[in-house]
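For what it's worth, the working numbering labels the leading residue of the sequence shown as 22, then goes sequentially.
Worksheet: one structure, shown below.
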Amino acid sequence: MERQRLIQMRGVTRQYGPDSTAGIFDVDLDIDAGEYVAIVGPSGAGKSTLLQILGLLDAPNEGSYTFAGKDLTSATEKDRDQLRAESIGFVFQASHVLPHLDALSNAALGMVPHAVPLQERSEIAYEAMNSLGIADRATYKAGVLSGGERQRLAVARALAPQPELVLADEPTGALDTASGMAVLADLERAREHGATLIVITHDEDVAARAHRVIRIVDGRIAEDTGAAESTPAAANESVAKPRKGPLRTRVADVLAESLTEVLLRGIRTAFLVLAFALGIGGLIASVGISQTAAVQINERLEAAAFDEVWISTPDYAREELEKNLAQDQHRLRQLPHVQRVTRMIQLPTESTGLYRMEPGDVNVSGGLQIIAVDDQFFETQDLTLGKEHTADLFGMPAVTSVAVVGLDAHEALQLPGSEAGGTVVVGGHRLTVVDSFTTGERRPGLNNAVLVPLSLAPQLHLGQPQLVMRTDKGFPAALAEAVPMQLNAADPGSYRVQTVADLRNLRMGVSTDLDALVGIMAATLLILAAVSASTSMYLTVLSRAPEIALRRALGTTRKGIAARFVTEGVMIGFIGGAVGALAGVLGVVAVSAAQGWKPQVEPWLVPVGLGLGVVAGLVSSVVPAFIASKQPPSNAL
C-alpha cells in the first residue's frame with residue numbers, strides 16, 4: 022500500500038548566529054506517514070535542532086518544510102502552535118510531568134489546548150494510561166511515581182490526543198534497560214493508530230528497533246538507510262481524534278488550572294495574599310478610622326450645640342490679670358442671650374511643673390493639663406464634681422491651695438480614694454486635692470486635667486488667658502461679632518474670638534488633609550504590595566519554566582500562557598482583597614471599641630477593597646505573564 026508523505030524538508034538550515042557551527046545545514050528529508058525512524062549521531066551533531074524543526078518548536082533560517090501537505094515556510098507562530106496541538110506528540114528525556122497534579126490530569130494535558138471537554142478528556146487519558154499499564158496510578162500525584170512510571174505517563178500524554186507524529190528525544194536515556202525497553206514498546210504502539218514515530222537516541226540498540234536510521238554528523242545527514250521494502254506499514258485504524266470544545270471550555274480550563282496553582286502552591290499564595298491584604302486592609306482601616314474619628318469630633322462639636330464663644334484676651338500684666346479678666350467677664354454678661362461666662366488660663370505643664378507629693382513623690386506631669394479656672398468653669402463646661410460645694414472654693418480669692426482632678430489625672434497621679442485626698446505640687450505650690458470630676462460630651466478631653474483656682478495663676482507661669490461664653494442656642498455667631506466692641510471699643514482687634522462653627526471649619530480642613538495623608542500612605546502600601554507580588558510571581562515564572570515550555574510544546578499559545586498567569590494574579594488579588602477588606606473592617610471595629618467610639622464603615626469600602634485587590638493582582642501579574650509568554654517551546658528539550 023502506497024504511503025502518504027508526512028514530512029518533506031528541502032535545504033533546511035537552522036544556524037544560531039552567523040559564525041556558529043551549531044545547528045543543521047542544508048537538510049533534505051522525506052518521511053512518510055507511519056514510518057518508524059531513529060535519528061542518531063554524536064552529541065552536538067544537530068539531532069535536537071532537527072527535532073525542534075520537525076516538531077515545530079523552532080523555525081528554520083532557510084529552506085522549506087512541508088508537513089502533511091501544508092507548507093510551513095511562512096507559517097506564523099500561532100499556526101505552528103495550532104499544528105503542534107493537533108498533530109504532534111512529544112516525549113522528552115525528562116518526563117516533564119507536573120508533580121503537583123495527579124497522573125490523570127498529566128495524561129490529559131495534551132488535550133487542554135484542544136479544549137476537549139473535561140469528561141471526554143478524562144476518559145481518553147484514562148484509556149491511554151490503561152493501555153500502558155499505569156491506570157492504577159491515575160489518582161496518584163505525578164511526583165510520587167517512579168522514573169519508569171513518569172516516563173510512561175509522558176508517553177500517555179503524547180499519545181492521548183491521537184497525533185499524526187510522535188517525536189521522542191532520548192526517551193530511554195534516564196531509565197534502566199528494562200524500563201527503557203518497556204517505554205519503547207509503548208511508543209511503538211502509537212503506530213497501531215497510524216502515527217509516525219521518530220526517536221532521537223544515542224543508543225544503537227534502540228536505533229536498531231526502528232525501520233529506518235538517519236545519522237546526523239556536524240549538522241548534516243551523513244547516512245540514511247531509507248525505509249526498507251519489508252518495513253511493515255503502520256496499522257490504518259480509523260481512530261477519531263478528540264473533538265474540540267467551545268470557547269467556554271478554554272475559559273473553564275484557564276480558571277480551573279489557575280485555581281489549582283493558587284491552592285496547591287499554598288505557601289507562595291499565602292505570602293502574596295498577605296502582601297495584598299496588608300495594603301488593602303491598611304487602606305480600609307485608615308479610611309474607616311479617619312471617618313470614625315471625624316464623626317466623634319463632629320459629635321463633640323454638636324454637643325456644644327453651637328452655644329459657645331471662645332475669647333482670647335490681650336496679655337495682661339500679672340498684677341492686673343484677675344481684675345481685667347473680671348471686668349471682661351462682667352462686660353460679656355451684659356450682652357443679651359448670654360447664659361454664663363467663665364475665665365480660664367491654660368498653663369504650660371512642663372514649665373509650671375506638676376507632681377504628687379503625698380503619699381510619696383510621683384512625677385507624672387507629662388500628658389496632663391494644668392488649667393486655672395474660676396467657679397463658673399465647671400457648670401459652663403458640663404463637669405460633674407463629686408462634692409456639692411467644691412466649685413464655690415474656686416470663687417474665693419483667698420483660696421489658692423486647692424485642686425480638683427479629672428479621672429485620668431487622678432489615676433495618673435496615683436491619688437488615694439475615689440474623689441479627694443493627696444497633695445500635689447504645681448509650680449512649687451502645695452495644693453490639696455479636694456475633689457475629682459467627670460466630663461460630659463462637651464469637653465471629654467478634660468479628663469486628664471488638674472484644675473487650680475484662677476487666683477493662683479499670677480504666681481505661676483502664665484499661659485493665654487481666655488473667656489468662654491455660653492449663649493442661647495443659635496446666637497454664637499451674632500454675639501461673636503459684638504464681643505470685641507463690647508470688651509474694648511477703642512481697640513477691638515486686641516481680642517480674638519472663635520465659635521464652634523469656626524472649629525468645625527478648622528476640623529474639616531484638618532480632616533481633608535488627614536484623609537489625603539491617609540490615602541497616600543494606603544496607596545503606598547498597596548503599591549509596595551503589588552511590587553512585592555509582582556516580584557514573587559516573576560520568581561514563580563522562573564521556577565515554572567519547564568512547565569511553561571512543556572505547555573508551549575503541547576500547543577498552548579503565548580496568550581494562553583499569559584492568561585493563566587494573569588488569572589492567577591487576579592485570583593490572588595481577589596483573595597487578598599477579601600482578606601484585607603475583612604481585616605480592615607475588623608481593625609476599625611477594634612480601634613473604635615478600644616476608644617469607646619461608634620465605628621463608621623462605609624458600605625462601599627468592602628467592594629472597593631475587592632476591586633482594588635483584583636486590579637492590584639492584575640497589574641502585578643502583567644510583567645510576569647508577559648515574561649512567561651515569551652518562553653520558547655524549544656526549552657522543553
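For glycine and all other residues, C-beta sits at the position ideal for the given N, C-alpha and C.
Quick caveat, the model's predicted, so the values are computed rather than measured.
Judged by DSSP in its simplified three-state form, V591 adopts helix. Here G65 is exposed, its C-beta having fewer than 16 other C-beta atoms within 10 Å. Inside the stretch 96-123, DSSP marks whole beta strand (DSSP E) runs of 3 or more residues at positions 109-112, from first to last along the chain. Here D349 carries a helix assignment [DSSP, helix/strand/coil]. When rounded, the separation of the alpha-carbon atoms in Q73 and N656 is 10 angstroms. T70 sits away from G84, with the two beta carbons spaced by 9 angstroms or more. Its Cα nearest to that of V272, the residue A136 stands out among E432, A136, Y516.
With contacts defined by Cβ atoms closer than 9 angstroms, A149 and L180 form a contacting pair. For the 9 angstroms CB-CB criterion, L368 and V362 do not form a contact. In the displayed model, R31 falls within a strand according to three-state DSSP. Sequence-distant partners of T160 (beyond 5 residues in either direction) whose C-beta falls short of 6 angstroms from its own C-beta, in its chain, are D123. Judged by DSSP in its simplified three-state form, I45 adopts strand. N509 is the residue among L125, N509, M202 whose C-alpha sits nearest the C-alpha of N345. Secondary structure note for T70: its alpha helix (DSSP H) is the uninterrupted segment 68-75. DSSP places S333 inside the beta strand (DSSP E), whose first and last residues are 329-333. CA-CA distance, L50 to L218, rounds to 15 angstroms. Note that the C-beta distance between L375 and V471 is below 9 angstroms. Cβ-Cβ distances below 7 angstroms link I648 to Y559, V562 in the same chain, with the five nearest sequence neighbours on each side left out; the list follows chain order. With contacts defined by Cβ atoms closer than 9 angstroms, N468 and A430 form a contacting pair. Beyond the five residues adjoining it in sequence on each side, T460 comes within less than 7 angstroms, by CB distance, of L404, G427, L467, N468 in the same chain, given in chain order. Residue state for M490 is assigned as strand, using DSSP reduced to three classes.
Unbroken beta strand (DSSP E) runs of no fewer than 3 residues, entirely contained in the stretch 450-485, are found at 450-459, 470-474, following chain order.
Apart from sequence neighbours up to five positions away, no residue of its chain approaches P628 with a beta-carbon distance below 7 angstroms. Taking a cut-off of 8 angstroms on C-beta distances, the stretch 38-48 does not touch the stretch 612-625, as fewer than three cross pairs fall below it. Within the stretch 379-428, the complete beta strand (DSSP E) segments at least 3 residues long are 390-394, 423-427, listed from N- to C-terminus. Ranked by Cα distance from A604, the first of E56, V176, L304 is L304. Nearest Cα to K494 within the set P357, I569, M365, L153: P357. For D395, the CB contacts under 7 angstroms within the same chain, skipping 5 residues up- and downstream, are T363, R364, F415, G416, L475 in chain order.
The beta strand (DSSP E) runs lying completely inside the stretch 276-315 and spanning 3 residues or more number zero. Pairing G168 with S116 gives a Cβ-Cβ distance under 9 angstroms.
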